[in-house]
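**Q**
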Amino acid sequence: MGNRKQGTKNTWQEQAKNTARGVRLRVLDHTVKNNGGYLSQACSAAEILSVLYEHVMCLGPSEGAMVPVPFAGVPRQGMPQYQTGALYNGPKNPEYDRFIMSPVHYALVLYALLVEVGRMAEEGLELFNQDGSTVEMIGAEHSPGHEVTAGSLGQALSQAGGIAYARKRKKEKGRVWVFMSDGEFQSGQTWEALQALSFHKLDNIGIYVDVNSQQCDGAMVDVMNVEPLEHRIKFFGARVHRVNGHDVDALSCLKDEKPDGRPQVVLAITNPCQGISLLEKRRPKLHYVRFKDENEQKEYKNYLNQMQNSTDT
Numbered sequence: 245m246g247n248r249k250q251g252t253k254n255t256w257q258e259q260a261k262n263t264a265r266g267v268r269l270r271v272l273d274h275t276v277k278n279n280g281g282y283l284s285q286a287c288s289a290a291e292i293l294s295v296l297y298e299h300v301m302c303l304g305p306s307e308g309a310m311v312p313v314p315f316a317g318v319p320r321q322g323m324p325q326y327q328t329g330a331l332y333n334g335p336k337n338p339e340y341d342r343f344i345m346s347p348v349h350y351a352l353v354l355y356a357l358l359v360e361v362g363r364m365a366e367e368g369l370e371l372f373n374q375d376g377s378t379v380e381m382i383g384a385e386h387s388p389g390h391e392v393t394a395g396s397l398g399q400a401l402s403q404a405g406g407i408a409y410a411r412k413r414k415k416e417k418g419r420v421w422v423f424m425s426d427g428e429f430q431s432g433q434t435w436e437a438l439q440a441l442s443f444h445k446l447d448n449i450g451i452y453v454d455v456n457s458q459q460c461d462g463a464m465v466d467v468m469n470v471e472p473l474e475h476r477i478k479f480f481g482a483r484v485h486r487v488n489g490h491d492v493d494a495l496s497c498l499k500d501e502k503p504d505g506r507p508q509v510v511l512a513i514t515n516p517c518q519g520i521s522l523l524e525k526r527r528p529k530l531h532y533v534r535f536k537d538e539n540e541q542k543e544y545k546n547y548l549n550q551m552q553n554s555t556d557t
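The numbering of the sequence shown is this note's numbering, which starts it at 245 and goes up by one.
Below is the structure:
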């Protein structure tokens, strides 16, 4: 379903675009087959995550099973077989970066991405939300690509800050990357974490925010407006870039940026219907797609077929 061809050498920009398209196709295919899915999240975040994995982050080879293993139980003493989903992002080498997924309802998008970049087998998606599977609908620390259980929205930045602080103290070269949603800035813990990052001068952390302006109850501005987000984050001491979240070159802005003592934040302005214009009919309720009848499901299936037969991104 993806566009990764053996023996071809694309530019990283072309590969990131192909990966993003593959992510949307996989999530749409899953949504059609299962009468449900976090589809708008794939539309808004596909380029952000693709650029992170294809270009920005320095990750080692995956150490996770290509077909994810069943859940082994909660971590406890005398349980050596327990492992976190961070294995899919490579070994915890001081030279390598770490990735933290904060809005864990984006899990399906991350799994689709891991398949596209060759870190998980296609069969892994078939285990999604199955009893006993680690490929959970709401990702946890044992889910592929996840390192921590973010719990309620707004908790992962604090955990990532602790990792970044430890890495700074140990003088590790690797950075910590965090993917967040804009809705998490409605939580006070996010602002407290950001304040701590600035106070401790943690410039080894990079934060990408999917600013799609949507949440489960509708438009952000109607539920709890967080704008002007860029200015507010700057006032908390961070360095902020506001970019088009579907422009792969713009999203790569942190790749070679020199640290200056401030945490770095990319506000990626996105469209929650990007690449799947059929979703526009559902505005403003885009958080989760559940088809209202067989006709709507068929409409989305036909749209999927058109996408699969098209060469457009």
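From the three backbone atoms N, C-alpha and C, an ideal C-beta is built for every residue, glycine too.
(1) Whole angstroms is fine: what's the gap from Thr393's alpha carbon to Ala384's?
(2) Below 6 Å CB to CB, which residues in the same chain sit around Pro516 once its five sequence neighbours on both sides are set aside?
(3) Which whole-angstrom value is the C-beta distance of Phe315 and His390, which I expect to be below 8 Å?
(4) Would Val470 be called buried (16 or more neighbouring beta carbons within 10 Å of its own) or exposed?
(5) For Gln433 and Leu397, I'd like the C-alpha separation in whole angstroms.
(6) Between which two residues does the alpha helix (DSSP H) holding Asn278 run?
(7) What are the partner residues of Trp421, as DSSP defines its beta bridges?
(8) Could you tell me the distance, in whole angstroms, from the CA atom of Gln325 to the CA atom of Val359?
(9) Taking a contact to mean a Cβ-Cβ separation below 8 Å, would you say Asp585 touches Gly406 in this structure?
(10) Which of helix, strand or coil does DSSP assign to Gln433?
(11) With H, G and I counted as helix, E and B as strand and the rest as coil, what does DSSP make of Lys249?
(12) Out of curiosity, what's the CA-to-CA distance linking Asp504 and Gly427?
(13) So, at 7 Å on beta carbons, what are the nonlocal neighbours of Val492 in its own chain, with the 5 sequence-adjacent residues on each side left out?
(14) Per the DSSP calculation, Pro507 is bridged to which residue(s)?
(15) Which of the three DSSP states, helix, strand or coil, is assigned to Met462?
(16) Quick check: the Cα distance between Gly280 and Tyr409, rounded to an integer number of angstroms?
(17) Kindly indicate which three-state DSSP category Asn539 falls into: helix, strand or coil?
(18) Going along the chain, which residues of its own chain have a beta-carbon closer than 7 Å to the beta-carbon of Phe429, five neighbours each way excluded?
(19) Any chance the region 301 to 311 sits against the region 341 to 354, with 3 or more Cβ pairs inside 8 Å?
(20) Less than 7 Å between C-beta atoms, sequence neighbours within five positions excluded: which residues of the same chain meet that for Ala494?
(21) Shortest alpha-carbon distance to Arg483 belongs to which of Ser496, Glu501 and Asp466?
(22) Counting only C-beta atoms, is Thr393 closer than 8 Å to chain D at any point?
(23) Since Val487 is in the beta strand (DSSP E), which residue starts that stretch and which ends it?
(24) What is the rounded straight-line gap between the Cα of Glu594 and the Cα of Arg320?
(25) For Ser377, name the three-state secondary structure that DSSP assigns.
(26) I'd like to check one pair, Pro335 with Pro388: are the Cβ atoms closer than 8 Å?
(27) Hey, quick one: how far does the alpha helix (DSSP H) through Cys287 stretch, first residue to last?
(28) For Ala330, which of helix, strand or coil comes out of DSSP?
**A** Working from what's here:
(1) Whole-angstrom Cα-Cα distance: 5 Å.
(2) Cβ neighbours of Pro516 within its own chain (closer than 6 Å, five residues either side excluded): Ser284, Cys287, Ser288, Asn456, Gln458 and Leu530.
(3) Not confirmed; about 13 Å, so no contact.
(4) Under this definition Val470 is a buried residue.
(5) Distance between the alpha carbons of Gln433 and Leu397: 9 Å.
(6) Annotation: the continuous alpha helix (DSSP H) that includes Asn278 extends over Trp256 to Asn278.
(7) In DSSP, Trp421 forms a bridge with Phe343 and Gly450.
(8) Rounded to whole angstroms, Gln325 and Val359 show a C-alpha spacing of 24 Å.
(9) Since the first residue of the chain shown is 245 and the last is 557, residue 585 is not available in this structure.
(10) Looking at Gln433 - three-state DSSP - the assignment turns out to be helix.
(11) Low confidence applies here, because Lys249 scores a pLDDT of 48, under 50, leaving its location unreliable and the question unanswered by this model.
(12) Computed Cα separation, rounded: 27 Å.
(13) These residues qualify, in order along the chain: Gln257, Ala260, Lys261, Glu291 and Val295.
(14) According to DSSP, Pro507 shares a beta bridge with no other residue.
(15) The amino acid occupying residue 462 in the given sequence is Gly; Met does not appear at that position. In the displayed model, Gly462 falls within a strand according to three-state DSSP.
(16) CA-to-CA, the gap between Gly280 and Tyr409 works out to about 39 Å.
(17) Secondary structure at Asn539: helix, using DSSP grouped into helix, strand and coil.
(18) Close CB contacts of Phe429 within its chain, under the 7 Å cut and outside five residues either way in sequence, are with Val470 and Leu473 (chain order).
(19) They touch, by the three-pair rule.
(20) Excluding five sequence positions before and after Ala494, the CB atoms of its chain that fall closer than 7 Å to its own CB belong to Val487 and Asn488, given in chain order.
(21) Closest by alpha carbon: Glu501.
(22) Annotation note: the requested chain D is absent from the structure, which comprises a single protein chain.
(23) Run containing Val487: Arg483 to Asn488, per the beta strand (DSSP E) assignment.
(24) Residue 594 lies beyond the range of the chain shown here (245 to 557); nothing can be said about it.
(25) The answer is strand: DSSP assigns Ser377 an E or B state.
(26) With respect to the 8 Å criterion, Pro388 and Pro335 are not classified as neighbours on the basis of their beta carbons.
(27) From DSSP, the alpha helix (DSSP H) with Cys287 extends over Leu283 to Val295.
(28) Helix, per DSSP.
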